[in-house]
Amino acid sequence: MSDETPHPDGFESITVTANGTRLHAVVGGSGAPVLLLHGWPQTWRAWRYLMPALAAHGYRVVAPDLRGTGASDRPPSGYDKDTQAEDMRELLAQLGIHGGVRIVGHDIGGMVAFAYARRHPEEVEHLALVELAVPGLGLERAMDVASGGMFHFGLFMTEELPELLLGGRESDFLTWWFDWLSAVPGTFPPEEVAAVASSYSGDEALRAGFAHYRTLLEDGRVNRAWHETGGTLPMPVLAVGGEHSTGARLADSLNTVAPQLTGAVIPGSGHFVPEERPDAFARELLPFLSAPPQPPGHF
């Protein structure tokens, strides 16, 4: 499908084949590259308020649609986060970017960002993770409804059932979803819900969207095995939570993984930090992205 939603001024759509999959992205600006990875149920548009600010601060901004979402292709497989990390790495290579990247990931996109940094730490200058629980490092507890975890993980991971329940009611469900997880009224007006629903409507789109969830247990096993054998992230890491959602839990879960860890809680925000509180988020993100990494052993 094509992307017909408006872009911020100075940005353009591109489509490339990366890792065997047609991927759509919106790019703009010049300078050091910043890769923005959206969550579910969103597309590149999740970053539309942040993209102009990044470009204005001298960054080359790349905001893709993950495989299976937006105007990217919807292959039957490859939704594990390691494969999607390679999607993103090859997308950047198509743009002539071979390292020195700053990655910002929200929700499912944060899981892909984590996998990218774990697999290719020498290529990642800074890593910002926003509003997620990392598979293998806290997600399983967030899934456990018997301990107060959230119900939707088990539903979305079940083959075929969520497609049957939500098919034809995508807009109704997404209206409820955004209201449930956001804390700032008016963040998702009907026209924005309609734009999102257009990318997630129909059996194929729903299947591809839920495929991001159906790999989470294996994603967790991979991350846990890496960490148990001494894996850590050497780059500066910013862990961001919304006051009314994840809060400081993400930062707490990464204490043993990221020696150069900074935590931030965005006041007044729910789950959708880049859209609910874009200015407050930018005040945390921009100084972090421009700060030089500490030398090894200097924390």
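Heads up, this note's numbering is the position in the sequence shown plus 753, with the first residue counted as 1.
Each residue gets a CB set at the ideal place from its N, CA and C atoms; glycine is no exception.
These numbers were taken from a predicted model, which means no experiment stands behind them.
What residues match up with residue i in a beta bridge as DSSP calls it?
| i | result |
| --- | --- |
| Ile767 | Ala778 |
| His736 | The first residue shown for the chain is 754 and the last is 1052, placing residue 736 beyond what the model contains. |
| Leu1014 | Val990 |
| Ile1019 | Gly995 |
| Arg813 | Pro786 |
| Val877 | Val854 |
On the criterion of 16 or more Cβ atoms from any shown chain inside 10 Å, does residue i qualify as buried, or is it exposed?
| i | result |
| --- | --- |
| Asp932 | exposed |
| Arg801 | buried |
| Val898 | exposed |
| Asn1008 | exposed |
| Phe963 | buried |
| Phe904 | exposed |
| Ala881 | buried |
| Ser935 | buried |
| Gly809 | The residue asked about is misnamed: residue 809 is Ala in this sequence, not Gly. Looking at its Cβ environment, which holds fewer than 16 other Cβ atoms inside 10 Å, Ala809 is exposed. |
| Met1037 | It should be pointed out that residue 1037 corresponds to Glu in this sequence rather than to Met. Label assigned to Glu1037: buried. |
| Ser783 | exposed |
| Arg813 | buried |
| Gly792 | buried |
| Pro915 | buried |
Could you tell me the distance, in whole angstroms, from the CA atom of residue i to the CA atom of residue j?
| i | j | result |
| --- | --- | --- |
| Gly939 | Val1010 | 36 Å |
| His1035 | Glu876 | According to the sequence as given, residue 1035 is Ala; it is not His. Roughly 23 Å separates the two Cα atoms. |
| Asp1005 | Arg842 | 28 Å |
| Gly811 | Ala785 | 7 Å |
| Gly852 | Ala806 | 22 Å |
| Glu981 | Gly862 | 23 Å |
| Leu788 | Leu919 | 31 Å |
| Met896 | Leu908 | 10 Å |
| Glu971 | Asp833 | 8 Å |
| Trp979 | Pro943 | 43 Å |
| Glu913 | Ala1044 | 46 Å |
| Gly823 | Pro1031 | 22 Å |
| His1051 | Leu1014 | Note that His1051 scores 46 on pLDDT, short of 50, meaning its location in the model is unreliable; the coordinates nonetheless yield the value given after this. Whole-angstrom Cα-Cα distance: 13 Å. |
| Ser900 | Asp762 | 46 Å |
| Leu917 | Gly831 | 22 Å |
| Pro817 | Gly984 | 28 Å |
| Ala778 | His760 | 11 Å |
| Ala992 | Pro1012 | 12 Å |
| Gly921 | Ser952 | 13 Å |
My understanding is that residue i touches residue j, with C-beta atoms under 8 Å, so please give their C-beta distance in whole angstroms.
| i | j | result |
| --- | --- | --- |
| Pro874 | Pro989 | At roughly 12 Å, the Cβ-Cβ gap does not stay under 8 Å, so Pro874 and Pro989 are not in contact. |
| Ala950 | Ser924 | 4 Å |
| Ala866 | Ile850 | Contact doesn't hold; Cβ gap of about 15 Å is too wide. |
Excluding five sequence neighbours on each side, which residues of the same chain lie with their C-beta closer than 8 Å to the C-beta of residue i?
| i | result |
| --- | --- |
| Arg827 | Arg820, Gly821, Glu957, Ala958, Arg960 and Ala961 |
| Pro1027 | Ala799, Trp800, Tyr802, Leu803, His859, Val883 and Phe1034 |
| Arg775 | Thr768, Val769, Ser825 and Asp826 |
| Ala948 | Thr758 and Arg798 |
| Leu930 | A quick correction: the sequence has Trp, not Leu, at residue 930. Only Pro794 meet the Cβ criterion. |
| Gly902 | Arg894, Ala895 and Met896 |
Near residue i, what residues of its chain come up, given a Cβ to Cβ distance below 7 Å and the 5 sequence neighbours on each side ignored?
| i | result |
| --- | --- |
| Glu996 | Val1018, Ile1019, Pro1020, Gly1021 and Ser1022 |
| His879 | Arg855, Met988, Pro989, Phe1041 and Leu1042 |
| Asp835 | Ala868, Arg872 and Val975 |
| Ala1001 | Gly994, Gly1016 and Val1018 |
| Ala771 | Asp840, Glu843, Leu844 and Gln847 |
| Glu893 | Gly973 |
| Val946 | Ser924, Leu927, Thr928 and Phe931 |
| Pro764 | Pro is not the amino acid found at residue 764; the sequence shown has Phe there. Once the five neighbours on either side are set aside, the close Cβ partners of Phe764 are Val779, Val780, Gly781 and Met804. |
Please work out which residues of its chain come closer than 6 Å, Cβ to Cβ, to residue i, disregarding the five sequence neighbours upstream and downstream, and give them in chain order.
| i | result |
| --- | --- |
| Gly889 | Gly973, Asn976 and Arg977 |
| Ala838 | Val865, Ala868, Tyr869 and Arg872 |
| Thr968 | Tyr832 and Asp833 |
| Met910 | Tyr966 and Arg967 |
| Phe941 | Phe931 |
| Ser954 | Glu923 |
| Leu790 | Gly858, Gly862, Val865 and Ala866 |
| Gly891 | Ser1006 |
| Leu1003 | Ala992 and Gly994 |
Determine, using beta carbons only, whether residue i comes closer than 9 Å to chain B.
| i | result |
| --- | --- |
| Ala895 | Of the protein chains in this structure there is only one, and it is not chain B. |
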